[in-house]
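For reference, the structure discussed in these notes is given below.
Numbering (my numbering), first residue to last: 113 to 790.
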């Protein structure tokens with residue numbers, strides 16, 4: 113149950129992000145409506161923009177709005193479900209268009225209303241279905257010669273096709289259920305009485321807006337066709353009544369909400385949104401506030417958003433019933449500014465005063481909710497508010513948005529790094545260099561560490577600067593496999609020298625955690641003079657790593673802990689892991705510049721020896737450092753003081769010179785005449 117609630121909450125965050133992403137488009141459409149209204153009633157004209165063109169553009173944008181919302185929802189849910197964004201959006205749009213416009217024209221009013229609902233429902237169902245189908249045991253192409261993107265696209269084709277058909281089938285069942293419900297409810301809807309029917313319509317409309325859908329359009333799908341044109345009193349229809357006395361500032365009486373924020377709240381974000389939305393709410397355009405604040409999926413503002421319009425309905429209905437009025441037959445456009453709209457509709461000055469009173473009432477009704485919401489937003493860190501269910505969601509929503517952007521940037525960098533690495537491999541620009549490891553007691557070269565290098569024009573061989581982002585992209589195992597294959601090619605050269613030396617290979621934790629990769633390592637390297645190194649921090653990432661290290665050890669392959677001391681070292685690892693060597697990170701050596709650091713270095717060396725490990729000192733660059741680590745008792749020394757990493761032939765030549773020098777020194781000592789005892 114807890115995991116389901118967490119999953120549902122993640123979907124809510126993603127939907128909220130999808131709605132918020134549309135605010136700029138909503139502002140644009142609203143601004144065009146205002147310009148169209150101003151030109152219509154002022155008689156002015158823009159030379160390069162005829163009024164009929166502007167009206168047509170606005171209508172097209174209204175029709176396109178559900179499509180844009182469907183794309184936004186599909187994009188955010190694809191990120192949540194870890195589905196390729198293009199695949200997810202394509203499937204969601206295919207379902208959306210087929211279900212919304214498959215049997216009607218795109219400009220059909222009923223299709224437009226259905227599209228407003230499908231903009232959320234179709235992507236959500238389609239991606240849930242695709243997520244489920246992708247987990248089915250379909251035959252899948254292996255990587256082989258195909259690129260990763262092509263392989264993934266082909267493997268998603270069959271799940272996408274099945275998901276498409278299944279989603280359309282499910283939507284068809286939902287439509288049939290809705291038709292049955294409508295056939296049962298619609299005839300009796302007006303039987304509730306005119307006022308109660310209007311109350312139910314308003315409550316339903318506001319509740320639909322809460323989910324980010326166009327409540328006004330969708331609510332009309334659930335009532336008889338003549339619901340809005342039914343007369344209330346004196347020629348005033350329901351539609352006229354709602355425009356003049358209920359939806360002051362748009363659905364939810366949002367002008368009252370904007371004024372409540374500006375009058376009572378000190379929260380800077382809320383005030384900024386209210387100031388931006390105020391000009392639009394004056395023209396009964398509520399979307400800027402609904403999506404920008406947001407009211408969508410905001411439980412703290414849901415009660416007043418539903419109840420304030422109903423309160424306005426009750427008060428206004430009582431007033432006009434008692435006083436009486438006669439409305440003009442032509443309905444005033446809904447974007448007509450507040451106060452002017454009711455005067456043009458009724459010609460009565462007292463109705464303007466009634467509208468002012470309703471606005472004041474809605475502002476006061478919104479005020480306590482605005483204050484509470486503002487305190488919740490400003491005090492997210494307070495534990496009492498957290499326990500009380502405060503509006504922590506807004507903080508998480510913003511953090512989620514930042515996380516999504518960070519993930520997109522990271523994915524882009526990783527994708528570029530992966531392409532670079534593929535190009536390096538294809539153009540044979542990757543190479544292995546080998547850094548000597550020196551016996552601290554004899555001074556002989558006893559092995560090499562294989563290090564990846566890349567050829568850069570004008571710079572020569574440099575370290576693989578792309579390696580970290582490549583690992584983050586999940587391609588570490590491919591690089592490890594390339595390195596191991598190169599080592600297998602170089603091993604015969606080493607074996608021909610008849611020297612007892614070992615090649616050390618760095619492996620990423622992901623490779624060690626992969627059972628199939630470990631099987632290959634055992635088959636390829638059993639009996640070979642190699643040692644595998646894994647960084648210390650990687651040992652805590654996956655329990656499978658420890659088991660696979662034991663498999664390597666059981667096969668007679670040596671394993672070492674690399675970079676020990678680079679982070680928060682876990683000394684329990686030293687007692688439990690099947691490793692034979694511990695390599696001290698250079699940071700420990702730098703810390704040994706003072707007496708306390710030298711004590712730590714010496715004690716750690718002694719501890720490792722007591723546990724039966726060899727100790728390698730990495731990063732030795734000076735004679736003083738070499739003397740220090742030798743005095744502390746390390747077994748092996750590695751660093752630029754002796755040699756940098758070099759091609760294998762040069763490394764073997766270096767080992768030969770070092771061996772010759774060691775033999776010459778030993779012979780010189782042997783030939784030195786002994787002094788007679790005193």
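In this text, a Cβ means the ideal position worked out from N, Cα and C, and glycines have one as well.
Run through DSSP, which three-state label would residue i get?
{"i": "residue 368", "result": "helix"}
{"i": "residue 75", "result": "Here the chain covers residues 113 to 790 and nothing more, so residue 75 does not appear."}
{"i": "residue 592", "result": "helix"}
{"i": "residue 134", "result": "coil"}
{"i": "residue 551", "result": "strand"}
{"i": "residue 446", "result": "coil"}
{"i": "residue 624", "result": "helix"}
{"i": "residue 407", "result": "coil"}
{"i": "residue 158", "result": "strand"}
{"i": "residue 355", "result": "helix"}
{"i": "residue 394", "result": "coil"}
{"i": "residue 491", "result": "With a pLDDT of only 47 at residue 491, under the threshold of 50, the placement of this residue in the model should not be trusted; the figure read from the coordinates follows. Three-state DSSP puts residue 491 in coil, outside helix and strand."}
{"i": "residue 609", "result": "coil"}
{"i": "residue 190", "result": "helix"}
{"i": "residue 792", "result": "Only positions 113 to 790 of the chain appear in the structure, and residue 792 is not among them; the question remains open."}
{"i": "residue 309", "result": "helix"}
{"i": "residue 484", "result": "helix"}
{"i": "residue 473", "result": "helix"}
{"i": "residue 317", "result": "helix"}
{"i": "residue 438", "result": "coil"}
{"i": "residue 287", "result": "helix"}
Where DSSP assigns a beta bridge to residue i, which residues make up the other side?
{"i": "residue 546", "result": "562, 758"}
{"i": "residue 348", "result": "345"}
{"i": "residue 673", "result": "646, 694"}
{"i": "residue 729", "result": "696, 749"}
{"i": "residue 657", "result": "Residue 657 pairs with nothing; no bridge assigned."}
{"i": "residue 245", "result": "None, per the DSSP bridge assignment."}
{"i": "residue 567", "result": "573"}
{"i": "residue 557", "result": "550"}
Provide the residue span of the beta strand (DSSP E) that contains residue i, from first to last.
{"i": "residue 572", "result": "572–574"}
{"i": "residue 344", "result": "343–345"}
{"i": "residue 614", "result": "614–618"}
{"i": "residue 704", "result": "From DSSP, residue 704 is part of no beta strand (DSSP E); its letter is neither H nor E."}
Only counting the same chain, and skipping five residues up and downstream in sequence, which positions put a Cβ closer than 7 Å to that of residue i?
{"i": "residue 640", "result": "603"}
{"i": "residue 505", "result": "With a pLDDT of 42 at residue 505, under the threshold of 50, the modelled position of this residue cannot be trusted; read the value that follows with caution. If we look at residue 505 and ignore the five residues flanking it on each side, it has no Cβ neighbours."}
{"i": "residue 252", "result": "267"}
{"i": "residue 317", "result": "327, 328, 331, 363"}
Following the continuous alpha helix (DSSP H) through residue i, name the residue where it begins and the one where it ends.
{"i": "residue 422", "result": "414–435"}
{"i": "residue 211", "result": "197–213"}
{"i": "residue 689", "result": "First-last for residue 689: undefined, no H or E at that position."}
{"i": "residue 453", "result": "452–458"}
{"i": "residue 740", "result": "735–744"}
I believe residue i touches residue j by the beta-carbon criterion, under 8 Å. Please report the beta-carbon distance rounded to the nearest angstrom.
{"i": "residue 211", "j": "residue 268", "result": "In fact, because the Cβ distance is near 21 Å, the residues do not count as touching under 8 Å."}
{"i": "residue 439", "j": "residue 346", "result": "6 Å"}
{"i": "residue 644", "j": "residue 673", "result": "So it is not a contact: roughly 11 Å between Cβ atoms."}
{"i": "residue 447", "j": "residue 395", "result": "5 Å"}
{"i": "residue 750", "j": "residue 733", "result": "Contact doesn't hold; Cβ gap of about 11 Å is too wide."}
{"i": "residue 692", "j": "residue 715", "result": "Contact doesn't hold; Cβ gap of about 20 Å is too wide."}
{"i": "residue 376", "j": "residue 483", "result": "6 Å"}
{"i": "residue 591", "j": "residue 621", "result": "About 13 Å; that fails the 8 Å criterion."}
I'd like the list of long-range same chain contacts for residue i, defined as Cβ closer than 6 Å, with 5 residues on each side in sequence excluded.
{"i": "residue 238", "result": "203, 204, 207, 279"}
{"i": "residue 475", "result": "368, 371, 372"}
{"i": "residue 386", "result": "370, 373, 374"}
{"i": "residue 690", "result": "661, 662, 665"}
{"i": "residue 173", "result": "141"}
{"i": "residue 193", "result": "239, 243"}
If I measure Cβ to Cβ from residue i and keep anything under 8 Å in the same chain, skipping five residues before and after, which residues do I get?
{"i": "residue 441", "result": "347"}
{"i": "residue 271", "result": "242, 245, 246, 248, 250"}
{"i": "residue 519", "result": "Caution is warranted here: a pLDDT of 49 is assigned to residue 519, below 50, making its placement in the model unreliable, and no coordinate value can be reported."}
{"i": "residue 789", "result": "Confidence in residue 789 is poor, its pLDDT being 49 and thus under 50, which makes the residue's placement too unreliable to answer from."}
When the cut-off is 8 Å and only beta carbons count, does residue i lie next to chain B?
{"i": "residue 558", "result": "No chain B is present in this structure, which holds just one protein chain."}
Closer than 7 Å: is that where the CB of residue i sits relative to any heavy atom of the ligand FAD?
{"i": "residue 695", "result": "The model depicted lacks the ligand FAD and carries no ligand whatsoever."}
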